[in-house]
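Novice: Residue numbers (this note's numbering), protein chains in the order written: chain A, 144 to 385; chain B, 144 to 385; chain C, 144 to 385; chain D, 144 to 385; chain E, 144 to 385; chain F, 144 to 385. Just so you know, even glycine gets a beta-carbon here, dropped at the ideal spot from N, CA and C. Dropping a structure here in structure tokens format, bear with me for questions.
6 protein chains.
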Amino acid sequence: MNYKMKILVINPNSTVSMTNKIGECARQAAAPGTEIIAANPTDTPASVEGHYDAAVSVPSVIRMVREGDKNGCSGFVIACFDDPGIEACREVAHGPVLGICEAAMHAATMISSNFSVVTTLARSVPIIEELALKYGFERHCRRVRAATIPVLSLEDKNNNARQLVLEEVCRAVEFDGCEAVILGCSGMTDLTDWLTHESGVPVINGVGVAVKMVEALVGVGLQTSKVGAYAQPLVKQNSPFD
Amino acid sequence: MNYKMKILVINPNSTVSMTNKIGECARQAAAPGTEIIAANPTDTPASVEGHYDAAVSVPSVIRMVREGDKNGCSGFVIACFDDPGIEACREVAHGPVLGICEAAMHAATMISSNFSVVTTLARSVPIIEELALKYGFERHCRRVRAATIPVLSLEDKNNNARQLVLEEVCRAVEFDGCEAVILGCSGMTDLTDWLTHESGVPVINGVGVAVKMVEALVGVGLQTSKVGAYAQPLVKQNSPFD
Amino acid sequence: MNYKMKILVINPNSTVSMTNKIGECARQAAAPGTEIIAANPTDTPASVEGHYDAAVSVPSVIRMVREGDKNGCSGFVIACFDDPGIEACREVAHGPVLGICEAAMHAATMISSNFSVVTTLARSVPIIEELALKYGFERHCRRVRAATIPVLSLEDKNNNARQLVLEEVCRAVEFDGCEAVILGCSGMTDLTDWLTHESGVPVINGVGVAVKMVEALVGVGLQTSKVGAYAQPLVKQNSPFD
Amino acid sequence: MNYKMKILVINPNSTVSMTNKIGECARQAAAPGTEIIAANPTDTPASVEGHYDAAVSVPSVIRMVREGDKNGCSGFVIACFDDPGIEACREVAHGPVLGICEAAMHAATMISSNFSVVTTLARSVPIIEELALKYGFERHCRRVRAATIPVLSLEDKNNNARQLVLEEVCRAVEFDGCEAVILGCSGMTDLTDWLTHESGVPVINGVGVAVKMVEALVGVGLQTSKVGAYAQPLVKQNSPFD
Amino acid sequence: MNYKMKILVINPNSTVSMTNKIGECARQAAAPGTEIIAANPTDTPASVEGHYDAAVSVPSVIRMVREGDKNGCSGFVIACFDDPGIEACREVAHGPVLGICEAAMHAATMISSNFSVVTTLARSVPIIEELALKYGFERHCRRVRAATIPVLSLEDKNNNARQLVLEEVCRAVEFDGCEAVILGCSGMTDLTDWLTHESGVPVINGVGVAVKMVEALVGVGLQTSKVGAYAQPLVKQNSPFD
Amino acid sequence: MNYKMKILVINPNSTVSMTNKIGECARQAAAPGTEIIAANPTDTPASVEGHYDAAVSVPSVIRMVREGDKNGCSGFVIACFDDPGIEACREVAHGPVLGICEAAMHAATMISSNFSVVTTLARSVPIIEELALKYGFERHCRRVRAATIPVLSLEDKNNNARQLVLEEVCRAVEFDGCEAVILGCSGMTDLTDWLTHESGVPVINGVGVAVKMVEALVGVGLQTSKVGAYAQPLVKQNSPFD
């Protein structure tokens with residue numbers, strides 16, 4: 144079936160080094176026929192840490208999806224673990240739009256009976272718990288844990304951020320009895336193999352999984368339903384991008 | 144206790160006639176010591192009908208809350224039934240921030256054992272169902288119904304929009320066995336008394352209730368918790384409003 | 144709107160010192176136009192610690208609500224954290240009837256994304272967990288904790304009961320990751336400010352909040368729905384109070 | 144094991160003809176070694192139709208359980224479908240205490256994958272829905288239906304009450320797709336065989352099932368746990384029955 | 144009513160010593176009129192530890208139920224805590240079919256407000272959690288714990304398996320705050336009285352309870368519903384046992 | 144990454160024409176580097192209609208997965224909508240194992256906010272409802288509907304089975320308000336495009352989606368977790384296939 148496609152992977156924050164890391168991870172995961180375009184808005188916060196950062200990034204993300212949709216992108220990945228704006232993006236896209244939290248949680252339940260999440264800051268814990276509920280995985284999710292590190296600390300290899308992530312992953316395995324661990328920040332994507340090796344359980348990085356799931360949906364001809372919640376936005380006064 | 148306060152009631156869309164209607168309703172509900180400021184952004188869609196309209200309105204709503212917080216507002220009401228951006232607004236506010244869907248659902252469960260919601264368009268039904276789940280009222284909510292009218296049709300008294308809302312309210316009472324009905328659009332606020340009279344059950348308008356609940360929280364000294372999900376946004380590069 | 148009202152605050156147990164403490168708290172919370180009547184039955188157990196104590200207190204509570212309803216009370220607060228008999232009281236009242244557990248949980252979810260409860264005895268923990276479920280807050284409630292003190296120990300300032308409550312509140316903040324704490328006994332109402340100051344999170348006392356929420360509902364014209372679960376009791380042989 | 148026992152079956156309302164019908168049903172279900180004592184308080188409403196009727200009946204029911212416990216009863220059945228006061232009764236009993244709604248729902252899920260309930264009045268529907276939730280059967284329960292008949296109409300064979308029950312049972316089978324039907328009133332116990340025959344699905348009468356389940360628990364040596372929620376009431380001032 | 148009956152108690156694994164233990168326990172629980180037939184297949188794994196062991200045992204279990212049904216058995220107990228194949232067995236049986244996990248969880252909620260389970264191996268924990276969800280007891284179940292012992296270690300009295308079970312039961316009482324403990328393996332049935340005595344809470348052994356519940360259902364005339372999920376299997380090519 | 148792989152698609156029933164249809168569908172969905180092996184056991188029922196048919200097919204399915212795992216298959220699809228034995232198959236496989244109900248439900252929630260399922264017989268409705276619960280999609284699933292046709296009627300083009308499926312799909316769109324429809328039987332796979340065209344909503348065929356999701360998981364290096372529920376079966380006496 145359809146195996147030539149272009150997937151737009153959007154890092155909602157404006158930190159280019161994260162976008163590069165995300166793009167590299169996405170390309171490693173992509174099938175031969177898939178072109179990955181990794182991009183970020185330039186007017187959004189340097190990192191997304193909480194509801195506010197996510198909310199103010201969303202309009203730029205929507206605009207990029209809208210343009211990508213017009214420019215022939217087959218599908219979209221929103222590469223921030225809060226999955227900011229994915230429903231709104233679905234309204235403006237024909238192809239599938241997946242968040243990396245969403246994709247990672249789906250994948251986790253396919254290869255294990257439960258999982259824990261390790262994210263960066265404690266303030267993100269209730270956000271991710273609410274996402275688990277929205278997607279239907281509140282029972283599969285053993286616990287959402289914070290390594291208590293700022294997102295951008297992961298961009299600097301000369302600190303102990305990686306080590307703190309590893310320690311929290313190991314605590315998840317030991318104390319939560321979880322069978323898989325999801326990395327709760329797109330800035331952790333390059334740690335996946337190392338953490339899998341160290342922890343002894345599958346460690347899931349949402350960026351790679353989301354790319355593959357978009358490929359899967361596109362490959363089988365599924366597009367975003369335009370009946371109901373994700374119908375095209377209605378044209379009206381002051382609607383941006385029109 | 145505290146009974147002098149200023150509450151900022153924000154209509155997220157840019158339709159001034161709706162803001163006026165909302166403001167009037169809010170002032171009718173407010174206690175003698177409460178000053179109501181009703182306002183809307185000027186750069187947002189003319190109505191909020193779906194995820195996209197809500198998402199692109201949120202940054203302007205947040206900005207208004209932030210400014211209101213600096214200017215001494217004690218609390219905030221987001222007067223759109225999709226409750227757009229309330230978590231992000233809570234991060235930038237010290238006082239309580241309530242959505243009108245949220246407030247109406249809380250009130251409904253205090254005076255009845257279950258309720259139905261009557262909103263405008265079918266595309267809003269899954270949005271409101273998800274809000275009911277987020278707030279914990281998915282079991283109290285019998286059904287979310289759409290009158291199948293555009294939001295702005297309620298601004299024009301020379302059409303059948305009001306009649307269609309009444310018919311759907313009556314269907315809710317008859318077929319859902321509900322004990323109260325919530326009006327699922329801030330544009331319906333002026334219909335509350337009429338619909339209560341016609342339907343025989345309490346009909347709840349979120350604007351009035353939200354104002355009273357903000358007064359209640361402020362009056363008893365409760366502010367938004369700054370530990371966890373609603374902590375002040377972290378200062379960072381490209382964070383707007385700084 | 145309506146800002147003159149009389150609220151009957153019922154302490155279901157027969158300990159007058161608790162009633163006085165509850166009444167004082169209610170008056171501090173009440174708006175200028177609100178008259179608070181704090182009262183207790185004289186034939187009920189000295190404290191409510193478990194299902195039995197609650198159940199045998201309920202008929203007297205209902206009688207008081209019924210009389211209050213006839214004497215022009217606009218609303219009712221049942222000031223025991225087990226919320227004994229609130230559904231039955233709603234059948235005999237026109238105005239709103241709120242329990243203090245109910246009111247506190249509603250308020251907590253408006254200012255935080257989750258909460259824990261600190262109550263007195265371990266036997267009350269499953270009762271409060273079931274209330275959280277009934278009201279829809281089972282996901283918002285991180286944990287119900289017991290300070291392991293008898294209710295009446297809070298009436299005596301010369302013991303360590305207050306200190307034990309503080310310690311449990313601090314454990315809730317540290318170990319549950321909660322963003323607010325609810326005091327799970329009306330005998331703790333006078334500790335609210337102190338515990339808020341010591342713990343660093345909003346500490347919620349249901350008495351004050353319930354008074355404000357009744358004011359809010361009355362103020363916006365909402366009464367208990369008389370269609371369905373809370374319809375007036377049917378007149379029949381042996382029905383008391385007739 | 145234990146197969147000599149005395150079970151106290153309490154009809155919470157004061158209508159003797161119902162108690163007789165309940166007692167007959169209980170005796171038919173009982174094992175040879177089981178003595179059934181069917182009784183009712185004399186000071187309670189003539190029927191239980193709603194929260195109020197239930198609440199004012201509970202103290203008398205508790206008193207009867209307490210006396211039964213002292214007089215050697217091995218277990219207790221509360222033969223009203225609202226299961227009034229069962230938790231409080233458990234505090235004062237050593238043997239098991241079962242409600243007939245509880246017992247019927249347990250049994251239904253053992254012989255079918257889902258069930259509907261047919262009760263008398265619409266006001267009881269939300270009460271029974273809440274019981275289903277409390278017991279864990281909210282997903283197994285397809286729907287709670289009302290035949291819209293007063294409880295005491297079932298005491299008179301010269302009206303159409305029986306016919307209306309049958310019609311509602313048949314609607315449950317046809318429209319709910321249910322695999323079993325529970326009779327939601329102890330006044331319907333004598334209709335069980337007839338309705339089973341007419342409807343083609345198992346029709347469950349809680350009185351018989353509750354007696355058998357109490358026999359089962361007693362027979363295997365299980366008593367009410369005295370650790371936690373159902374511990375003996377604490378002795379205190381004004382506690383009745385002491 | 145019906146008090147002469149034959150109950151087939153099937154140990155799905157092929158270890159005869161376990162079958163004997165199970166049979167003894169079942170006979171102790173059975174009423175005078177009940178004949179217990181304890182049996183096991185000879186071609187199934189020596190113990191059931193995980194999904195695979197359960198799945199490969201199921202066809203033999205079904206065959207035994209089918210034959211028992213033809214030979215006049217009134218009801219069936221599947222005496223493995225994973226409740227393997229109970230839905231399929233219900234299709235081929237007229238009488239009730241109960242699993243021992245199912246029966247134990249039902250009983251636990253009748254005598255306590257919550258319970259924990261102590262099973263053998265960690266791999267069984269998610270299986271039992273899923274059963275709790277299926278039966279509706281996910282909220283009543285505080286925690287499923289593993290004593291980390293192989294099933295067959297319980298067949299040998301000269302090791303520390305019993306001691307490890309006791310220690311885990313005590314941890315459940317202390318740390319989970321549970322009011323009852325369920326033994327999560329039919330190989331633990333002979334430890335019930337000892338563990339009850341040592342732990343101070345009711346300890347529930349599913350074999351005894353399941354026998355009594357089957358007696359209860361049969362005694363009151365309830366059979367497996369043949370409308371819907373448990374209708375007789377359709378006759379078709381290659382259907383075994385035909 | 145990994146884009147050469149062999150996927151074993153197992154039709155659990157023994158009807159070769161269904162296997163061929165499934166294989167064709169799987170091959171259409173597969174990426175260029177994917178080899179599809181479609182196979183069925185020869186000793187299982189001609190169709191799977193209910194718990195019994197599924198249960199007796201499982202051991203043969205497990206055996207085929209085990210052999211496939213040894214012969215280098217990268218992943219597995221169980222192509223029956225009851226997802227029979229997927230947990231047991233996961234124990235014996237290193238690569239991912241997906242059921243077609245599972246895969247279809249995951250995909251549906253990625254492109255719509257809710258879905259309905261159209262299956263063959265009414266007896267399968269509760270089975271699929273329980274699967275939705277197990278996977279976490281009980282809230283996304285609007286309704287499971289039966290076209291009331293035997294599975295094998297879909298193998299014959301000269302009857303009205305296809306028409307009945309179409310009618311039920313249209314009823315789902317009209318009455319459930321669903322945004323996507325899942326085909327609840329692998330025998331319907333060849334109807335996907337036609338039904339999508341006729342209904343106006345995305346119609347999802349689990350076979351194609353499951354193949355793509357297995358490709359996705361394998362492509363990103365995810366295998367079944369061997370810690371916990373899906374660990375390799377323990378070697379023991381009478382364990383088949385050893």
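From this set, F:178, F:172, F:306, which residue's C-alpha is nearest residue 215 of chain F's C-alpha?
Specialist: Residue numbering aside, residue 215 of chain F sits at position 72 when the sixth sequence is read from its first letter. Residue F:178 is the option with its Cα nearest to residue 215 of chain F.
Novice: Taking the CB atoms as reference points, tell me whether residue 290 of chain B and residue 268 of chain B lie closer together than 9 Å.
Specialist: Numbered from 1 along the second sequence, position 147 holds the residue referred to as residue 290 of chain B. Numbered from 1 along the second sequence, position 125 holds the residue referred to as residue 268 of chain B. Cβ atoms of residue 290 of chain B and residue 268 of chain B: not closer than 9 Å.
Novice: Quick check: does the Cβ of residue 372 of chain A come within less than 8 Å of any heavy atom belonging to the ligand MG?
Specialist: Judged by which ligands are present, the structure shown has none, so any question about the ligand MG falls away.
Novice: Tell me, please, whether the stretch 365-374 of chain D touches the stretch 168-184 of chain E by the rule of three or more beta-carbon pairs shorter than 8 Å.
Specialist: No: the two stretches stay apart, fewer than three of their Cβ pairs being nearer than 8 Å.
Novice: For residue 365 of chain B and residue 247 of chain E, what's the separation of their Cα atoms in angstroms?
Specialist: Reading the second sequence from its first residue, position 222 is the one you call residue 365 of chain B. Reading the fifth sequence from its first residue, position 104 is the one you call residue 247 of chain E. Distance between the alpha carbons of residue 365 of chain B and residue 247 of chain E is about 45 Å.
Novice: When DSSP labels each residue in this structure, what does residue 355 of chain A get in the three-state scheme?
Specialist: The count along the first sequence starts at 1 and reaches residue 355 of chain A at position 212. Helix, per DSSP.
Novice: When the distance is taken between beta carbons, is residue 252 of chain F closer than 9 Å to residue 297 of chain F?
Specialist: Translated into positions along the sixth sequence, residue 297 of chain F becomes position 154. Translated into positions along the sixth sequence, residue 252 of chain F becomes position 109. Not a contact, by the Cβ cut-off of 9 Å.
Novice: Tell me the residue span of the alpha helix (DSSP H) that contains residue 307 of chain B.
Specialist: For the purposes of this step, residue 307 of chain B is taken as the residue at position 164 of the second sequence. Counting along the chain, the alpha helix (DSSP H) containing residue 307 of chain B begins and ends at 304-318.
Novice: Take residue 325 of chain C and list the residues in its own chain whose beta-carbon comes closer than 6 Å to its own, dropping the five residues that flank it on each side.
Specialist: In the third sequence, the residue the question calls residue 325 of chain C occupies position 182. Cβ neighbours of residue 325 of chain C beyond the five flanking positions: 247, 251, 258, 260, 347.
Novice: Using three-state DSSP, classify residue 157 of chain F as helix, strand or coil.
Specialist: Locating residue 157 of chain F in the sixth sequence gives position 14, where the first residue counts as 1. Coil at residue 157 of chain F, not helix or strand.
Novice: Can you check whether the CB of residue 192 of chain D is closer than 9 Å to the CB of residue 376 of chain C?
Specialist: Reading the third sequence from its first residue, position 233 is the one you call residue 376 of chain C. Reading the fourth sequence from its first residue, position 49 is the one you call residue 192 of chain D. Result yes, Cβ atoms of residue 376 of chain C and residue 192 of chain D sit closer than 9 Å.
Novice: Can you confirm whether residue 270 of chain A, when its beta carbon is compared against all beta carbons of chain B, has any partner nearer than 9 Å?
Specialist: For the purposes of this step, residue 270 of chain A is taken as residue 127 along the first sequence, with counting starting at 1. Put simply, the CB of residue 270 of chain A is near chain B, with a gap under 9 Å to one of its CB atoms.
Novice: I'd like to know whether the C-beta of residue 281 of chain C is nearer than 9 Å to at least one C-beta of chain E.
Specialist: Residue numbering aside, residue 281 of chain C sits at position 138 when the third sequence is read from its first letter. Judged by the 9 Å Cβ criterion, residue 281 of chain C is in contact with chain E.
Novice: At a Cβ cut of 8 Å, what residues of the stretch 201-229 of chain E count as close to chain F, listed as they run along the chain?
Specialist: 201, 202, 205, 228
Novice: Quick check on the burial criterion: 16 or more other C-beta atoms within 10 angstroms. Buried or exposed for residue 361 of chain E?
Specialist: Your numbering for residue 361 of chain E matches position 218 in the fifth sequence. Buried.
Novice: Per DSSP, what kind of secondary structure is residue 369 of chain F in: helix, strand or coil?
Specialist: What you label residue 369 of chain F is simply residue 226 of the sixth sequence in a count that begins at 1. The answer is coil: DSSP assigns residue 369 of chain F none of H, G, I, E or B.
Novice: What residues from chain B crowd round residue 256 of chain F, counting only those whose CB sits closer than 7 Å?
Specialist: In the sixth sequence, residue 256 of chain F corresponds to position 113, counting from 1. Within 7 Å Cβ-Cβ: 269.
Novice: Which of the residues in the stretch 238-255 of chain E, read from start to end, lie with their CB under 8 Å from any CB of chain D?
Specialist: 239, 241, 245, 249, 250, 252, 253, 254, 255
Novice: Less than 9 Å between the C-beta atoms of residue 266 of chain F and residue 173 of chain E, yes or no?
Specialist: Reading the sixth sequence from its first residue, position 123 is the one you call residue 266 of chain F. Reading the fifth sequence from its first residue, position 30 is the one you call residue 173 of chain E. No, they are not a contact pair.
Novice: Who does residue 262 of chain B pair with in a DSSP beta bridge?
Specialist: The residue you call residue 262 of chain B lines up with position 119 of the second sequence. DSSP, once it has assigned bridges, lists B:289 as partnering residue 262 of chain B.
Novice: So what does DSSP say about residue 383 of chain C, is it helix, strand or coil?
Specialist: As a working note, residue 383 of chain C is residue 240 in the third sequence. Three-state DSSP puts residue 383 of chain C in coil, outside helix and strand.
Novice: Could you check whether the stretch 180-190 of chain D touches the stretch 148-158 of chain D, counting it as contact only if at least three pairs of C-beta atoms, one from each stretch, sit closer than 8 Å?
Specialist: yes
Novice: Take residue 197 of chain B as the anchor and find which of B:242, B:283, B:299 has the nearest alpha-carbon.
Specialist: Sequence index remark: in the second sequence, residue 197 of chain B carries index 54 (1-based). Checked all of B:242, B:283, B:299; the closest Cα to residue 197 of chain B is B:242.
Novice: Mind checking which residues open and close the alpha helix (DSSP H) that includes residue 387 of chain A?
Specialist: Missing from the structure shown is residue 387 of chain A; chain A here goes from 144 to 385 and no further.
Novice: Could you please give me the residues that DSSP links to residue 177 of chain F through a beta bridge?
Specialist: Indexing the sixth sequence from 1 puts residue 177 of chain F at position 34. DSSP output for residue 177 of chain F lists F:148 as bridge partner(s).
Novice: I'd like the list of long-range same chain contacts for residue 144 of chain C, defined as Cβ closer than 6 Å, with 5 residues on each side in sequence excluded.
Specialist: Here residue 144 of chain C is taken as the residue at index 1 of the third sequence, counted from 1. Caution is warranted here: a pLDDT of 47 is assigned to residue 144 of chain C, below 50, making its placement in the model unreliable, and the coordinate value is therefore given only provisionally. Closer than 6 Å at Cβ, skipping near neighbours: 362.
Novice: Compile a chain-ordered list of the residues in the stretch 308-332 of chain A whose CB is closer than 9 Å to at least one CB of chain F.
Specialist: 316, 320, 321, 322, 323
Novice: Name the chain C residues that come within less than 9 Å of residue 235 of chain D, Cβ to Cβ?
Specialist: Position 92 of the fourth sequence, counted from the first residue, corresponds to residue 235 of chain D. Per Cβ cutoff of 9 Å: 195.
Novice: Starting from residue 346 of chain E, follow the beta strand (DSSP E) in both directions and report where the run begins and ends.
Specialist: On the fifth sequence, residue 346 of chain E is found 203 positions in, with the first residue counted as 1. 346-348 is the extent of the beta strand (DSSP E) around residue 346 of chain E.
Novice: For residue 361 of chain C, name the three-state secondary structure that DSSP assigns.
Specialist: As a first step, residue 361 of chain C is located in the third sequence; it is residue number 218 there, counting from the start. For residue 361 of chain C, the three-state secondary structure derived from DSSP is helix.
Novice: Closest to residue 210 of chain D by CA distance: which of D:189, D:162, D:152, D:168 is it?
Specialist: Residue numbering aside, residue 210 of chain D sits at position 67 when the fourth sequence is read from its first letter. It is D:152.
Novice: Rank B:235, B:233, B:280, B:189 by C-alpha distance to the C-alpha of residue 245 of chain B and give the top, closest one.
Specialist: By one-based count along the second sequence, residue 245 of chain B stands at place 102. Closest by alpha carbon: B:280.
Novice: Can you look up residue 244 of chain C in the DSSP assignment and give me helix, strand or coil?
Specialist: The count along the third sequence starts at 1 and reaches residue 244 of chain C at position 101. In the structure shown, residue 244 of chain C sits in a helix (DSSP, three-state: H, G or I).
Novice: Answer yes or no: does any C-beta atom of chain C fall closer than 9 Å to that of residue 368 of chain B?
Specialist: Reading the second sequence from its first residue, position 225 is the one you call residue 368 of chain B. Yes, residue 368 of chain B counts as interfacial toward chain C.
Novice: Could you check if residue 219 of chain D is buried or exposed, using at least 16 other CB atoms within 10 Å of its CB as the buried criterion?
Specialist: Within the fourth sequence, residue 219 of chain D is the residue found at index 76, counting from 1. In this structure residue 219 of chain D is buried. Its beta-carbon is surrounded by 16 or more other beta-carbon atoms within 10 angstroms.
Novice: How about residue 350 of chain B and residue 168 of chain B: are their beta carbons less than 9 Å apart?
Specialist: As a first step, residue 350 of chain B must be located in the second sequence, where it is residue number 207. As a first step, residue 168 of chain B must be located in the second sequence, where it is residue number 25. Yes, the pair counts as a contact, with Cβ atoms nearer than the cut-off.
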